[in-house]
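Structure first, then comments.
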Amino acid sequence: MPVGAIYLHDNQIIAESGNVTISNHDPSGHAEIMVLRKASEIRKNHRIGGTLVVTLEPCVMCMGAMIQARIETLIFGAFDPRSGAPGSAFDLSNSPKLNHKINVIGGVMENECKDLIQGFFQSKR
134 MPVGAIYLHD NQIIAESGNV TISNHDPSGH AEIMVLRKAS EIRKNHRIGG TLVVTLEPCV
194 MCMGAMIQAR IETLIFGAFD PRSGAPGSAF DLSNSPKLNH KINVIGGVME NECKDLIQGF
254 FQSKR
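Those letters in the sequence shown? Residues 134 to 258, per the working numbering, in order.
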């Protein structure tokens, strides 16, 4: 699936990654998880803060990782009504039960991101 993510700190791109679940046979190989791993290595810290930019609204697993990493801002393109965890299906970004809140900006370049994802699935049919 063509999902990509970049991590920014102080408005500088620090790390980028794509989804590797199929190529790596790894159910946790979502773009968000991969970019958080890279950024944590580069920054030598598991609490990296900063901004994550993703083409698709993140799932519960990815939101959990972002909360653990203390991501400050999440920017995403296409909404995912089935499993989007910063608002569409669940809202983990602002839950009073969790110890960290994430500022979420959704729908950025939504049509372009949606077209990219839909085109990928149409090519598989």
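By construction, the Cβ of each residue, glycine as well, lies at the ideal position given by its N, Cα and C atoms.
> Buried or exposed: which applies to Phe-209, given that a residue is buried once 16 or more other Cβ atoms fall within 10 Å of its Cβ?
Replying inline: buried
> What residues are listed by DSSP as bridge partners for Asp-224?
Replying inline: Pro-219
>> Check whether chain D comes within 8 Å of Asp-224, counting only Cβ atoms and requiring the distance to be less than that.
In response: Structure shown: chain D not included; a single protein chain is present.
> Within 10 angstroms of its Cβ, does Pro-276 collect 16 or more other Cβ (buried), or is it exposed?
Replying inline: Outside the modelled stretch of the chain, which goes from 134 to 258, sits residue 276, for which no answer is possible.
> Ser-150: which of Glu-165, Val-193 and Asn-144 sits nearest, CA to CA?
Replying inline: Glu-165
> Taking Cβ positions, are Leu-169 and Ala-211 nearer each other than 8 Å?
Replying inline: no
>> Quick check on the DSSP output: the alpha helix (DSSP H) that includes Glu-243 runs from which residue to which?
In response: 243-256
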